[in-house]
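Numbering (this note's numbering), first residue to last: 40 to 254. All C-beta atoms, glycine included, are put in the ideal place defined by N, C-alpha and C. Predicted model only: the values in this text are computed from it and were never measured. Here is the structure we will look at.
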Amino acid sequence: MGGTPKQFLLLGGSTILVRTLDTFERHPRIDSLVVAVHPDSVEGFADALRREGIHKTLEVVAGGSSRQESVAAALDVLPDSVNIVLVHDAVRPFLPSDRITAVIDAVREHGAAALAIPLTDTLRRGANGIFGRSMDRSELYCMQTPQGFRRDWFEEAHERARQEGYSATDDVALVERLGREVRMVEGTSTNIKITTPADWALAKALWESEQAEIS
């Protein structure tokens, strides 16, 4: 996608990152924002975001070599008043506000929750270019973000992972290792993660559709 990091691609005149943050900026139950960026980009980044209209309590931290390290760095600078933590991908700009509310409510009731949508495509095993048996998809879900947690559970999960040298693809796995249950909250098909050129094409189409509805 032109060599530009995906979160800095322009969508309707603003970067994907700013579009994503704006959803949380406008949500009445979000008090603080923390953004993890490349270490070379930290200086002046918060000011740049403020110029783009992101005004809530904001910290910018140097991310690590993995998603898990970046989340841990962000967790370290949260204000003491924060007791629920949401983790969201910078390249998911089409998150509906009501899904943020739903995750927060589920965390308040159960301690941990995350968005997911049921898998709809047929799954089939295969090897050496030949299909094998199909797999039952009735209990399979595609994970989305935000993923939300009680702060004390989340800090314990990251500390244990650090001590044991454990790495995971998402924060749900870290919290589950504590023996905690994570509740499923229904996501949306438009809450896409922009990672491929096809995703980017879909994102531009979604943006144009949203603007057409507004006008």
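Query	Result
Residues of its chain near A73, where Cβ-Cβ distance is below 7 Å and the 5 sequence neighbours each way are ignored	According to the sequence displayed, residue 73 carries Val and not Ala. E98, V100, A113, V116 and L117.
Alpha-carbon to alpha-carbon, V81 and C25	What is shown of the chain runs 40 to 254, which leaves residue 25 out entirely.
For A153, the three-state DSSP class (helix, strand or coil)	strand
Rounded straight-line distance, which links the Cα of H77 to that of A111	14 Å
Burial state of I257, where buried means 16 or more other Cβ atoms lie within 10 Å	With the chain running from 40 to 254 in the structure shown, residue 257 is simply not present.
Run of the beta strand (DSSP E) containing V126, from where it starts to where it stops	I123 to V126
Inter-stretch contact (C-beta, 8 Å, three-pair minimum) for the stretch 47-58 and the stretch 242-252	yes
Reference S71, options S109, T235, F84 and I93, closest by Cα	I93
A129 in three-state terms, based on DSSP	coil
Q186 and A141 closer than 8 Å at C-beta	no
Buried versus exposed, by CB contacts within 10 Å (16 or more), P67	exposed
Which residues DSSP lists as bridging R222, in chain order	A152
Ranges of the alpha helix (DSSP H) found wholly within the stretch 160-243, counting only runs of at least 4	190-203 and 210-215
Buried or exposed by the 16-neighbour rule on C-beta atoms within 10 Å, applied to P135	exposed
Between the CA atoms of V214 and M223 - distance to the nearest angstrom	14 Å
V100, DSSP secondary structure in three states	strand
Beta-carbon proximity of A75 to S109, cut-off 8 Å	yes
Contact under 8 Å by Cβ, V126 with I55	no
CB contact flag (S105, S173, <8 Å)	no
Enclosing beta strand (DSSP E) for S71 [first to last residue]	S71 to V76
Which listed residue (D137, E148 and T43) has its alpha carbon closest to that of G226	D137
Contact under 8 Å by Cβ, L88 with V57	yes
Check whether R219 and W192 have beta carbons under 8 Å apart	yes
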